[in-house]
Amino acid sequence: DYSYSDVKRSVNGYPKLTSIDPESGSFSTEGFEETVEFRRQASNEDEWHDGNSVSRFYINRSFKIKGNDVNIKFENNTYQEQYY
(Lines of atoms letter the chains of each structure in order from A and count residues from 1; the text may use other names and numbers.)
(Lines give C-alpha, C1' and ligand atoms only; values in the text may rest on other atoms or scores of the structure.)
Protein backbone atom coordinates (compact mmCIF):
# COMPACT_ATOMS: atom_id res chain seq x y z
CA ASP A 1 0.00 0.00 0.00
CA TYR A 2 1.09 3.55 -0.72
CA SER A 3 0.34 7.00 0.66
CA TYR A 4 0.35 9.92 -1.79
CA SER A 5 0.89 13.66 -1.33
CA ASP A 6 1.51 16.78 -3.44
CA VAL A 7 -0.52 15.44 -6.38
CA LYS A 8 -0.48 17.79 -9.41
CA ARG A 9 -2.35 17.13 -12.67
CA SER A 10 -1.86 18.92 -15.96
CA VAL A 11 -3.31 18.45 -19.44
CA ASN A 12 -1.20 19.14 -22.51
CA GLY A 13 -3.58 21.15 -24.69
CA TYR A 14 -7.17 20.42 -25.58
CA PRO A 15 -8.53 17.56 -27.67
CA LYS A 16 -8.87 18.45 -31.36
CA LEU A 17 -11.54 16.92 -33.58
CA THR A 18 -10.19 14.53 -36.20
CA SER A 19 -13.53 13.35 -37.57
CA ILE A 20 -17.21 14.11 -37.24
CA ASP A 21 -20.06 12.24 -38.93
CA PRO A 22 -23.41 14.05 -38.66
CA GLU A 23 -25.29 11.11 -40.19
CA SER A 24 -24.15 8.57 -37.59
CA GLY A 25 -23.86 11.19 -34.84
CA SER A 26 -20.28 10.33 -33.92
CA PHE A 27 -16.97 12.14 -33.55
CA SER A 28 -13.40 11.40 -32.50
CA THR A 29 -10.37 13.40 -31.43
CA GLU A 30 -6.63 13.15 -31.80
CA GLY A 31 -4.72 12.11 -28.70
CA PHE A 32 -3.90 14.46 -25.85
CA GLU A 33 -1.83 13.89 -22.73
CA GLU A 34 -2.37 14.23 -19.00
CA THR A 35 0.62 14.27 -16.64
CA VAL A 36 0.31 13.48 -12.93
CA GLU A 37 3.19 14.27 -10.57
CA PHE A 38 3.16 13.13 -6.94
CA ARG A 39 5.14 12.06 -3.89
CA ARG A 40 4.64 8.46 -2.77
CA GLN A 41 5.49 6.57 0.41
CA ALA A 42 5.27 2.80 0.75
CA SER A 43 3.58 1.62 3.95
CA ASN A 44 6.77 -0.20 5.00
CA GLU A 45 9.13 2.78 4.37
CA ASP A 46 9.87 6.09 6.08
CA GLU A 47 11.03 7.96 2.96
CA TRP A 48 8.87 9.71 0.36
CA HIS A 49 9.76 9.33 -3.34
CA ASP A 50 8.89 11.48 -6.36
CA GLY A 51 6.76 9.83 -9.01
CA ASN A 52 4.82 10.64 -12.15
CA SER A 53 2.67 9.09 -14.83
CA VAL A 54 1.65 10.21 -18.29
CA SER A 55 -1.59 9.05 -19.91
CA ARG A 56 -2.64 9.60 -23.51
CA PHE A 57 -6.38 9.87 -24.21
CA TYR A 58 -8.53 9.66 -27.33
CA ILE A 59 -12.21 10.58 -27.28
CA ASN A 60 -14.71 8.72 -29.45
CA ARG A 61 -18.29 9.73 -28.69
CA SER A 62 -21.80 9.98 -30.03
CA PHE A 63 -23.97 13.06 -30.16
CA LYS A 64 -27.56 14.01 -30.91
CA ILE A 65 -28.84 17.30 -32.29
CA LYS A 66 -32.35 18.30 -31.25
CA GLY A 67 -33.42 21.81 -32.21
CA ASN A 68 -30.70 24.17 -31.03
CA ASP A 69 -29.25 21.68 -28.52
CA VAL A 70 -26.31 19.32 -28.99
CA ASN A 71 -26.14 16.47 -26.48
CA ILE A 72 -22.89 14.52 -26.11
CA LYS A 73 -22.87 11.34 -24.06
CA PHE A 74 -19.70 10.92 -22.01
CA GLU A 75 -19.10 7.53 -20.44
CA ASN A 76 -16.07 5.77 -19.05
CA ASN A 77 -14.93 4.33 -22.38
CA THR A 78 -12.30 6.86 -23.44
CA TYR A 79 -9.32 5.06 -24.95
CA GLN A 80 -6.27 5.53 -22.76
CA GLU A 81 -2.58 4.57 -22.90
CA GLN A 82 -0.43 4.92 -19.78
CA TYR A 83 3.30 5.55 -19.52
CA TYR A 84 5.22 5.47 -16.24
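Start counting the sequence shown at 58; every next residue gets the next number (my numbering).
We put the beta carbon where it would ideally sit given N, CA and C, even for glycine.
Query raised in the report: What is the rounded straight-line gap between the Cα of Ile116 and the Cα of Gly82?
Result: 14 Å
Report task. List the residues that DSSP assigns as beta-bridge partners of Glu104. Result -> Looking at the DSSP assignment, Glu104 forms no beta bridge with any residue, so it has no partner.
Query raised in the report: Alpha carbon to alpha carbon, how far is Tyr141 from Val111?
Result: Here Tyr141 scores only 46 on pLDDT, less than 50, and its place in the model should not be relied on; the value that follows carries that caveat. Cα to Cα, Tyr141 sits roughly 6 Å from Val111.
Query raised in the report: Taking one C-beta from the stretch 93-102 and one from the stretch 113-127 each time, how about it: are there three or more such pairs within less than 8 Å?
Result: no
Query raised in the report: Does the count of Cβ pairs from the stretch 85-97 and the stretch 124-131 closer than 8 Å reach three?
Result: no
Query - Euclidean distance between Cα positions of Leu74 and Glu104 - result: 44 Å
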